[in-house]
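J.: Numbering of the sequence shown is given in numbering that gives the first Met the number 0, commencing with residue 0 and proceeding in unit increments.
Yeah, the Cβ is synthetic: ideal placement off N, Cα and C, and Gly gets one too.
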Amino acid sequence: MPLVTTKKMFQMAYKNGYAIGAFNVNNMEITQGIVDAIVEEQAPLILQISKGAREYAKMSYLRAIIDVAVKENPQIPICMHLDHGDTFELCRQCVDDGFTSVMIDASHQSFEDNVKLTKEVVKYAHAHGVVVEAELGQLGGIEEHVKGVEDVSAHLTDPNQVKEFVEKTGCDSLAVAIGTSHGAYKFKAAPKLAFDVVEKVSKLLPGYPLVMHGSSSVLQEFKDLINKYGGKMPDAMGVPEDAITRASKMAVCKVNIDTDLRMALTAKIRQVFAEKPGEFDPRKYLGPGREAIKKMVKHKLQILGCAGKAGECK
Ligand code: G3H
Ligand code: 13P
Ligand code: ZN
């Protein structure tokens, strides 16, 4: 089957209480590791590409790699999604490049400007059969913003604004800020997420799919390997996996993971270099990295509950 949108995936994920993994890809090995895992687990897949990934790998190369994944695995629904598009022009370019889903992230703008830009992207994307993810609220660990209760909620998504935003823009899914943040340093104290925001949105907009960014768990195994073999990430901390599972059973239908891929690859490369200082064949360190990604993604699919769901998402 050709690339698909997230429509059916989100319908099934919402109805059956799981979430789809959205994995960032930047090169061939990362993509292969993810796809190998997906195929073994028969899970639906969102491959997402950031502006930085487009620039680093060149879109034509990434597209060719993804085309192979699609062609070789016709039983797996695969969506190609733009992660954090920041302008109409970039979103338009991605629609024209054959993406089946784009994100317009105008979350740092005022509510009115966010609505205006998102609406423009939705108009263009929908006219070309492409779905749109938008964002409302600002990502960042809850404690980063804690100066008082009002201060916390000022950064989190306001559930009361969600309905108006979705109705005004027509966006197909919405990334909400519930206390997660990008990267490997998400919390300085015990992780805390605002599940009440998800719950309130699902009451106000039943059936509407939400997206969780900044959802890597910073797995102990890779953190330990990185620190053991010359890296320095002692205070790295991610979203606990039970919180991911909890969100996946609620209205969260898409869970974004990039940092865990980066850490898996980095850990294995560091390990090979430390154990074999004379190694200079890229296949000998990228290969173990790709294998670690595969194993890690297989595990994530269980956490998300989407293993075995490829068939029903087609
Ligand atoms: O949300 C951020 C993703 O991890 C992509 O990161 O912009 O460095 O490619 P990037
Ligand atoms: P992590 O940094 O937690 O992997 O989040 C990735 C993400 O949200 C991509 O949009
Ligand atoms: Zn993100």
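Among all the DSSP beta bridges, which residues are the ones paired with K253?
T.: Note: K253 sits in a beta bridge opposite I19 and V210.
J.: Rounding to the nearest angstrom, what Cα-Cα distance links N159 and L135 in this structure?
T.: Between N159 and L135, the C-alpha separation is close to 11 Å.
J.: Based on Cα-Cα distance, which residue from A124, T156 and I65 lies nearest to S109?
T.: The option with the nearest alpha carbon to S109 is T156.
J.: Is the closest heavy atom of the ligand G3H to the C-beta of N23 under 7 Å?
T.: N23: yes, Cβ under 7 Å from the ligand G3H.
J.: Start and end of the alpha helix (DSSP H) containing H298?
T.: Looking at the DSSP string, the run of the alpha helix (DSSP H) that includes H298 is P281 to L303.
J.: Taking 8 Å as the cut-off, does the stretch 164-178 touch the stretch 117-124 (at least 3 CB pairs, one atom from each stretch)?
T.: Yes: at least three Cβ pairs fall under 8 Å.
J.: Between the alpha carbons of V38 and F22, how many angstroms are there, rounded?
T.: Rounded to the nearest angstrom, the two C-alpha atoms are 14 Å apart.
J.: Just checking my contact of V296 with K283 at CB under 8 Å: how many whole Å lie between their CB atoms?
T.: So it is not a contact: roughly 22 Å between Cβ atoms.
J.: Could you tell me the alpha carbon to alpha carbon distance between Q47 and H298, rounded to whole angstroms?
T.: Each residue's Cα considered, the two are about 19 Å apart.
J.: Taking 7 Å as the line, does the beta carbon of N159 fall inside it for any heavy atom of the ligand ZN?
T.: Outside the cutoff, so no.
J.: Taking only the alpha-carbon atoms, compute the straight-line gap between A246 and K70 and give it to the nearest angstrom.
T.: Distance between the alpha carbons of A246 and K70 is about 32 Å.
J.: For D234, which of helix, strand or coil comes out of DSSP?
T.: Three-state result, D234: coil.
J.: Once the 5 residues before and after G16 are set aside, which same chain residues still bring their CB inside 6 Å of it?
T.: Closer than 6 Å at Cβ, skipping near neighbours: K248.
J.: Could you tell me the alpha carbon to alpha carbon distance between G178 and A63, rounded to whole angstroms?
T.: G178 and A63: Cα-Cα distance of roughly 36 Å.
J.: Which residues in the same chain as N113 place their Cβ atom closer than 6 Å to its Cβ, once the five residues preceding and following it in sequence are excluded?
T.: A105, listed in sequence order.
J.: Taking the DSSP output, what are the residues bridged to G84?
T.: Per DSSP, I103.
J.: For S109, which three-state DSSP category applies?
T.: Coil at S109, not helix or strand.
J.: Helix, strand or coil: which one does DSSP assign to A133?
T.: Strand.
J.: Is A174 helix, strand or coil by DSSP?
T.: Here A174 sits in strand by DSSP.
J.: Under the DSSP definition of a beta bridge, which residues are partnered with S49?
T.: DSSP, once it has assigned bridges, lists D82 as partnering S49.
J.: Flag this pair as touching only if the stretch 24-39 and the stretch 0-15 have three or more C-beta atom pairs under 8 Å; answer yes or no.
T.: Judged by Cβ distances under 8 Å, the stretch 24-39 makes no contact with the stretch 0-15, as fewer than three pairs qualify.
J.: Could you tell me if the beta carbon of D257 falls within a distance shorter than 7 Å of some heavy atom in the ligand 13P?
T.: Yes.
J.: Can you determine whether any heavy atom of the ligand G3H sits closer than 7 Å to the C-beta of S106, and answer yes or no?
T.: No, since every heavy atom of the ligand G3H falls outside the 7 Å radius drawn around the Cβ of S106.
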